[in-house]
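Heads up: the sequence lines are chains A, B, C and D, in that order. With the working numbering applied, the first sequence corresponds to residues 4 to 425, in that order. With the working numbering applied, the second sequence corresponds to residues 3 to 386, in that order. With the working numbering applied, the third sequence corresponds to residues 78 to 388, in that order. With the working numbering applied, the fourth sequence corresponds to residues 17 to 523, in that order. Virtual Cβ for every residue (Gly too), placed ideally from N, Cα, C. Please read all numbers here as calculations on a predicted model, not as lab measurements.
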Amino acid sequence: MTDVTETSIATQKIETSRQRQSRVVGILLIALALFVVFVFGMGLSGDATFRLSRPTDPYALPNLVVPAGPFTYVAAALLGFLGARELIRGGTRWTSLSLGFGLAILVFAFLVWATAGKSFSLTGMLQATVVRAMPIALGGLAGVLCERVAVVNIAIEGMLLAGAFTGALIGSLLGGWGGLVAAVLVGGAFGFMLAALVVTYRMDQIVAGVVINLFVLGLTSYVSSQVFSEFRHLNNAPVFRAVKIPLLGDIPVIGPMLFNQNIFVYGALILVALATYYLFHTRSGLRARAVGEHPRAADTLGVDVYRTRYIHVTLGGMVAGFGGAWFTLGSVGRFDENMTGGRGFIGLAAMIFGRWHPVGALMAALVFGFADSLQQKLALLNTPIPSEFLSMAPYIATMIVVAGLIGRARAPAADGKPYVKE
Amino acid sequence: MTTSIGKRELDDAGRALLKRSTRGREDFEDLVVVPVFAVIVALILGALIMLATGVDLPTIGKSFVALGKGSVGSINALSETLTAAIPLVLAGLGLGLGFRAGLFNIGAEGQLLLGGTAAVVFSFTFDGLPFLLLMPLSLLAGAVVGALYASIAGVLKATTGAHEVISTIMLNLISYQILNYLLRQPYIQKEGRSDPISKSVPDAGELPRLLDWIDPNLRVHAGLFLMLAAVAVVWWILFRSKIGFAFRASGENPDAARYAGIKSGLIIVAAMGTAGALAGLAGAAQVLGVLDRASPGFSAGIGFNAIALALLGRSHPVGILIAGLLFGGLEAGGRQMQVDAGVSIDLIAIIQSLIIVFIAAPLLVRAIFPWGFRKSDKAAGGSQ
Amino acid sequence: QVTDTGGIDDNSFNQTAWKGVLDAQEKLGVEGRYLESQAETDYEANVNSLLGGQCDVIFTIGFLLGDATANAAKANPEQKFSIVDFAYDPTIPNVLGQVYATDQAAFLAGYLSAGMSKTGIVGTFGGINIPPVTIFMDGFAAGVGYYNAQKGTSVKVLGWNPESREGLFTNNFESLDDGRAFAQNLYDEGADIVLPVAGPVGLGSAALADELGTEALKIVGVDADLFFTDPEKKHVYLTSIMKRMDSTVYQVIETTMNGNFEGGLIVGTLENGGVGLAPYHDMEAMIPDDLKAEVETIRQGIIDGSIKVGG
Amino acid sequence: MDVELRGITKRFGPVVANDAVNLKIKGGEVLGLLGENGAGKSTLMNVLCGLYHQDEGEILIDGKPVTFAGPGDSIAAGIGMVHQHFMLVPVFTVAENVVLGVEPTGRFDHLDLNTARKQVREINDRYGLEVDPDALIEDLPVGIQQRVEILKVLFRSADVLILDEPTAVLTPQEVEDFFEIVKSLRDAGKAIVFITHKLHEILEISDRISVLRGGRITGQGDPHELTEAQLAEMMVGRPVSFTVDKTPAQPGRPMLEIKDLLMMRDNDEIAVDHVSMTVNSGEVVGIAGVQGNGQTALVEAITGLKHASAGSIVFDGDDITRASVRDRHRRGMAHIPEDRHKSGMIGNFSIAENMVLNSYYDEEYSNGAAVNWPHVAETAAAFCVDFDVRTPSVFLDAGNLSGGNQQKMVVARELERETKLVIAAQPTRGLDVGSIEYIHKRLIQSRDEGDGVLIVSSELDEIMGLSDRILVMFKGRIVAEFDNTGGKADRNAIGLAMAGATKGAAA
Ligand SMILES: Nc1ncnc2c1ncn2[C@@H]1O[C@H](COP(=O)(O)OP(=O)(O)OP(=O)(O)O)[C@@H](O)[C@H]1O
Ligand SMILES: Nc1ncnc2c1ncn2[C@@H]1O[C@H](COP(=O)(O)OP(=O)(O)OP(=O)(O)O)[C@@H](O)[C@H]1O
Ligand SMILES: [Mg+2]
Ligand SMILES: [Mg+2]
């Protein structure tokens with residue numbers, strides 16, 4: 004035998020992936036700093052006024068007045084600092100955090116720029132953010148429940164729509180709570196139907212989802228034009244009003260956002276918390292995740308894969324039905340054709356954006372909600388940017404974030420694959 | 003090691019391996035019985051839904067007559083059916099090709115919108131070119147822009163692994179805004195209008211109507227040939243060409259494809275691009291053949307219906323063609339149904355979805371109607 | 078009748094026009110059919126479908142059907158058409174355009190709202206930025222401006238800038254939830270009276286007003302008298318800017334049955350009753366009498382031309 | 017506890033996987049179960065553990081007939097199975113995997129992971145398994161994953177343990193440790209069914225042997241009376257030769273030269289640490305090493321699947337460090353991948369399509385932009401005949417082939433063309449003796465025709481039998497090199513080097 008000569012340990016520096024990421028983020032942050040200075044900062048004057056309280060609030064906060072010109076320079080300096088820090092001390096743990104922080108600064112700088120010399124109600128915008136985010140969050144949560152047991156649910160859109168429709172119809176007949184219960188049950192029924200199609204009848208999951216969407220859209224539109232137009236009283240449900248939580252609801256800014264909302268907002272927040280506990284801290288949650296990751300392994304250990312899938316997809320449908328009822332019982336009390344308008348698909352995006360985690364899906368939904376309400380405010384502020392570009396900004400941002408940050412996020416391993424016993 | 007492969011004489015054992023299993027009753031059932039059955043059952047269920055919503059029996063009868071009349075009952079009906087099928091099939095072919103390559107592209111809607119807009123803009127920009135140049139080039143513009151737009155999702159997936167479902171959903175939402183913005187630009191907006199609507203396609207840019215010598219209202223246009231050619235080309239690409247083999251290989255097993263030296267990134271971008279080109283063509287055919295201009299949301303959900311279509315056609319070009327004709331017929335017939343019987347056209351969507359369910363879940367059909375069908379061996383087999 | 082994308086049961090636009098057909102059915106014994114457009118691509122196909130249906134006259138409802146109607150009319154010179162909200166220039170012999178000087182009625186509503194606003198801020202938003210929509214907003218803003226000029230006040234209008242012709246638009250005529258969100262947005266910025274000009278979308282705004290209470294937010298309806306067509310939320314409507322499509326459609330049917338159909342244009346004004354301000358109904362008691370009187374004076378002024386609405 | 021299988025028949029469509037099988041399993045005894053690929057061993061055991069339901073026949077426990085509706089029932093009856101393919105959830109921890117299905121819980125269904133961890137540690141200590149309960153499965157080497165599988169069965173206090181090819185992926189040292197565990201379990205009174213293709217293992221560990229062929233029991237016997245040759249003949253139905261017949265190597269010019277190669281893993285750890293090595297034409301070089309020591313990364317670098325962080329790779333005189341996979345293939349490099357299911361073939365493609373998976377673009381198989389399918393089919397048929405791939409038709413999906421035939425298909429694809437260098441990773445993992453014999457013969461044939469052959473295997477016997485020269489990898493480095501002309505290398509020394517023993521000890 005011959006000994007192999009020792010090769011000396013590498014002394015040259017090899018860039019690790021983390022360092023690479025830091026470098027990219029650092030450059031990006033510095034570019035943003037320059038952008039803020041040259042696009043927002045140039046010739047900016049006046050104050051941006053953000054109203055924090057409404058006339059009716061018990062504790063009036065003074066308006067938040069930001070001198071626009073100086074602020075942009077401060078924001079740019081902060082961005083530059085974050086960027087430089089990433090470049091110089093690359094590879095530390097805070098890269099993602101820096102990026103998130105940097106984007107937040109950018110958004111605020113943009114707001115200040117757009118509001119310079121004007122004012123708008125920040126509290127109103129934040130409250131609207133939460134409201135608009137809820138159906139998306141609930142849709143995303145429904146998706147999480149289904150995909151954690153490896154059933155891809157493209158049908159969230161249809162389930163939302165079914166919930167909205169049922170809420171209006173039954174709500175008109177039996178009142179709000181009756182409508183709500185019915186919406187949840189009908190959502191669950193569609194979940195069960197999806198489960199039956201994909202688990203028992205082994206239909207392709209995407210096909211089944213697309214079909215349910217088509218079916219619900221057709222059925223609800225058909226009934227609404229065939230029946231509701233004639234019998235108006237069938238489409239006139241009461242609306243759940245905002246319920247202010249004593250004390251908490253009076254906190255400025257946060258109060259109206261979180262503690263003066265209707266049951267749908269409270270319900271969604273509670274459901275997200277429950278789902279998180281359930282999935283990651285209970286026995287059934289562990290089994291459900293096992294079914295999503297490696298159904299055969301779960302099967303060999305006596306976990307009933309089919310039953311688990313049926314249960315969770317049905318639960319997901321119920322959550323979506325609840326979210327759908329928001330459109331009618333939580334908002335306008337009337338059903339209208341296709342009134343969910345693609346929110347289910349955005350919910351799906353929120354689920355992926357949120358890495359198949361309930362809290363992640365909620366956060367992602369809030370980003371969409373924020374963009375949505377921001378855009379309405381900006382239309383009032385008469386910014387020189389065409390409104391279309393403002394509308395697409397959140398979608399572009401989502402793509403960038405998905406590409407940059409969670410490109411490698413993993414879906415449950417068995418996601419989308421049917422499981423065949425024997 | 004050196005083994006000469008070239009032209010080698012096969013011995014008997016080798017020739018025996020070249021046998022293909024013949025098509026039996028199983029294929030007949032899958033390809034003929036189940037679909038026919040699906041359509042019939044879906045229509046019956048549609049009738050039940052009408053009954054449940056208080057439509058009386060004579061009206062139901064009338065609506066089915068109208069459905070038949072409106073889809074195949076006259077030259078006009080056939081023309082409408084084909085007109086509706088053209089963009090559906092074109093976009094569906096692109097989606098089907100993507101599915102084969104393992105890409106779940108939800109973005110046909112956006113690719114179609116931007117492709118169609120590009121075709122319109124190209125056509126009025128180069129107004130004055132002769133028909134033989136302007137029309138094909140306008141189509142090409144649509145295809146190119148559709149391909150480029152789809153490639154964004156492809157490139158993102160190939161370079162960063164961004165999930166194409168999210169990026170195509172986002173690209174759809176972005177495309178609506180781009181379109182709204184473009185339609186308000188003075189260069190594109192129709193003169194004297196304040197609403198978002200584009201200038202018209204010049205006559206030399208239009209896909210000529212094929213039957214206007216019979217009746218000027220017959221809308222079927224030369225896009226029909228485009229559609230048929232696309233079916234043939236996509237079939238050839240998928241099942242005969244080298245690139246198609248690479249598409250299918252990375253769709254079925256990306257890992258094995260990578261080991262075999264197929265560059266997954268390139269394939270993703272190429273497949274997305276091809277799919278986008280077809281969706282762009284669908285949009286171009288729609289504006290050059292039917293709409294004559296671009297307006298907000300002129301895609302009318304074709305890109306989404308095409309998903310259902312591609313799935314129903316099992317991502318096979320011929321299947322997609324047949325499914326497209328079926329959907330086109332239902333759409334045209336549905337319109338007649340609303341006029342003649344006063345039944346909402348939304349019923350069509352219900353019938354469409356039921357047909358897909360029964361075709362896509364043969365096990366369900368067999369479970370409901372156990373007689374008449376072969377005992378399903380497949381059901382017991384499956385994976386492993 | 079071919080509807081626009083709102084649908085026949087939209088409680089305002091399409092429904093009002095359809096009411097004209099229904100009235101004619103009742104009184105003149107004609108038969109009416111309708112076809113809903115699902116999307117803009119349907120317009121032409123839908124018009125074509127009705128061509129085969131042996132109609133005496135085909136109504137196309139909405140500005141957006143302008144092109145489709147013109148094409149069909151040119152291809153079928155025998156068929157009579159009538160389009161709501163579109164004026165052809167030059168006119169087409171077999172098409173009768175019906176347009177409305179809605180700004181006249183909206184002017185009154187603007188004046189009334191300015192007088193009724195407690196916060197000194199009123200708001201409006203539209204469906205899409207097209208003339209039949211913005212004409213409401215123009216008139217409304219002009220009415221508020223007239224009030225300010227008369228009273229020396231500075232009531233603000235949010236959501237529409239008549240000069241830049243930019244404003245708040247939902248970009249659809251469908252989403253009720255948008256109607257609620259947009260009204261909420263305006264309310265957050267201080268508006269206590271909102272004019273939604275977006276067909277059924279306004280019903281969402283009404284739902285918000287219902288929830289907030291009419292003290293906090295009132296709605297001005299458009300097209301029909303929403304007090305009647307939206308009876309469940311009737312208490313939130315300060316008034317409605319009526320565009321009496323039912324009456325003009327009825328007239329067209331009547332003249333057609335009498336064999337007097339002629340292409341061209343009919344314009345609904347305050348004077349001929351083609352547009353008008355709805356009664357105040359439940360709000361009657363809340364509105365000060367002198368404000369009512371002023372509105373009535375202005376109405377007369379507009380009719381006799383002493384008050385100019387546009388410009 | 018005694019278990020008896022009576023007249024078990026199990027069909028998959030037309031395939032009769034088990035045909036009236038009778039089998040007895042007794043407590044305190046190891047039953048060795050042998051058979052070719054596809055003989056029906058796994059199926060029979062899956063019936064016993066409740067995963068499949070038999071079409072005919074019955075199962076008796078301690079003389080009483082039982083029926084299992086699902087695996088839950090059989091687990092409750094005290095039967096536990098370690099499956100041929102790992103049944104572990106890769107993103108779960110060891111503890112989560114072990115308790116799955118029998119989780120300790122608190123109030124509100126709360127998963128009590130602390131108790132789980134403690135229980136796992138107890139069993140760990142009792143049987144000397146040494147597994148960290150908090151490690152994520154995906155971070156563990158296969159040897160440890162194997163132990164987790166056993167932990168799972170023990171955790172459910174099974175009295176009957178079915179071990180389906182548990183040693184297929186273990187190194188010699190790991191196998192020895194593993195046998196210690198099996199023996200202690202037997203001595204504790206458990207009944208054990210042990211399935212393997214390795215005859216010496218079965219002779220070493222079993223108390224009784226049954227042989228399956230074509231779904232039937234074709235032989236029974238006492239390991240003390242049987243020889244490997246007799247067992248092989250019972251399995252395959254003909255005599256099998258175990259030693260690879262080969263002449264001494266005639267090394268020629270360097271075919272593959274690696275200099276100072278550095279490879280990083282995704283987590284920025286070093287996988288291959290400045291390795292330099294050469295493979296000459298006409299010789300077989302074997303790389304021995306415990307899995308997880310960088311062999312996979314080395315193969316990925318050579319075949320172009322991953323790019324080197326530093327160093328160079330020269331193939332027959334040309335620098336290919338940056339060349340693409342396809343380019344390397346075109347230059348004459350053949351690659352038999354480690355995991356044929358995952359990366360070697362496409363189950364839903366026909367055999368013909370699989371045969372040209374990496375050469376479809378070749379002029380040979382194409383007309384312009386199109387693939388010449390008729391020619392592909394004929395060639396594939398010829399390959400199948402040459403390499404004894406048993407199938408009724410080349411148009412059948414490759415996924416329908418048995419494991420051995422699948423591997424022969426992959427080997428045929430790689431070797432049936434002009435090659436200069438063959439990289440074979442775990443070329444015979446999980447195959448029966450007949451297939452192994454065949455594939456080994458083909459690899460030696462390649463060498464004799466002047467190819468360089470590089471074999472990576474965790475199977476020390478395979479390395480010893482095939483290689484002319486043996487390199488041992490440990491922690492990303494080549495730590496020792498042995499000349500194996502005429503099989504003269506010291507098996508013990510190699511084993512020690514694989515385990516990371518110091519040079520002094522290895523020498
Ligand atoms: N789920 C299934 N569906 C159809 N056929 C199957 C299935 N499982 C196994 N078979 C077939 O049954 C026969 C026996 O397979 P089995 O897996 O039991 O063999 P084995 O003896 O374990 O082989 P190996 O040594 O390769 O593990 C094979 O022909 C196989 O193709
Ligand atoms: N007993 C152990 N307990 C926990 N982790 C271990 C243990 N032994 C090794 N590991 C970890 O396992 C990893 C290596 O195993 P693995 O087989 O996954 O590597 P690999 O990438 O396949 O390597 P190769 O390139 O050689 O195939 C290392 O990160 C090492 O830290
Ligand atoms: Mg086996
Ligand atoms: Mg490895």
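Query                                                                                                                                                                                : Result
Between the beta-carbon of residue 233/D and the beta-carbon of residue 225/D, is there less than 8 Å?                                                                               : no
8 Å is my cut-off, CB to CB: does residue 482/D come that close to chain B?                                                                                                          : no
Comparing the C-beta of residue 353/D with each C-beta of chain B, is any distance below 8 Å?                                                                                        : yes
Given a limit of 8 Å on CB to CB distance, which residues of the region 397–408 of chain A reach chain B?                                                                            : 398, 399, 401, 402, 405, 406, 407
Are the C-beta of residue 100/B and some C-beta of chain D separated by less than 8 Å?                                                                                               : no
Can a CB atom of chain D be found closer than 8 Å to the CB of residue 378/B?                                                                                                        : Only weak support exists for where residue 378/B lies, its pLDDT of 44 falling under 50; the coordinates are left without a value.
Span of the beta strand (DSSP E) holding residue 358/D?                                                                                                                              : Segment: none, residue 358/D is in no beta strand (DSSP E) and carries neither H nor E.
Are residue 45/D and residue 289/D closer than 8 Å when you measure CB to CB?                                                                                                        : no
For residue 42/B, count neighbouring C-beta atoms within 10 Å of its own C-beta (all shown protein chains included) and say buried if the count is 16 or more, exposed if not.       : exposed
So residue 170/A packs on residue 318/A, CB below 8 Å; how close in whole Å?                                                                                                         : Actually they do not touch by this definition, with Cβ atoms about 18 Å apart.
Flag residue 321/D as yes if its beta-carbon sits less than 8 Å from any beta-carbon of chain B, otherwise no.                                                                       : yes
Which residues in the same chain as residue 462/D place their Cβ atom closer than 7 Å to its Cβ, once the five residues preceding and following it in sequence are excluded?         : 431, 435, 438, 469
Count the other C-beta atoms from every protein chain shown that fall within 10 angstroms of the C-beta of residue 26/D, then say buried if there are 16 or more, exposed otherwise. : buried
Leaving out five residues on either side along the sequence, give the residues of the same chain with a beta carbon under 7 Å from the beta carbon of residue 418/D.                 : 53, 54
Hey, quick one: how far does the beta strand (DSSP E) through residue 299/B stretch, first residue to last?                                                                          : Per DSSP, residue 299/B belongs to no beta strand (DSSP E) and is neither H nor E.
With DSSP as the reference, label residue 73/D as helix, strand or coil.                                                                                                             : strand
Would you kindly check if the distance between the Cβ of residue 486/D and the Cβ of residue 317/D is under 8 Å?                                                                     : no
Check the DSSP bridge columns for residue 200/C and list the partner residues they point to.                                                                                         : 235/C, 271/C
Starting from residue 352/A, find everything on chain B with Cβ-Cβ shorter than 8 Å and list it in chain order.                                                                      : 167, 168, 171, 172
In this structure, does DSSP put residue 317/A in helix, strand or coil?                                                                                                             : helix
Confirm, please, whether the CB-CB distance from residue 215/A to residue 351/A is below 8 Å.                                                                                        : no
What is the DSSP secondary structure of residue 171/C, reduced to helix, strand or coil?                                                                                             : coil
Return helix, strand or coil for residue 160/D, following the three-state DSSP convention.                                                                                           : helix
So, is the C-beta of residue 5/D closer than 8 Å to a C-beta in chain A?                                                                                                             : Outside the shown range of chain D (17 to 523) lies residue 5/D, about which nothing can therefore be said.
Per DSSP, residue 295/C is paired with what?                                                                                                                                         : 270/C
Ordered along the chain, which non-local residues of its own chain (more than five positions away) have a Cβ less than 7 Å from that of residue 333/B?                               : 86, 350
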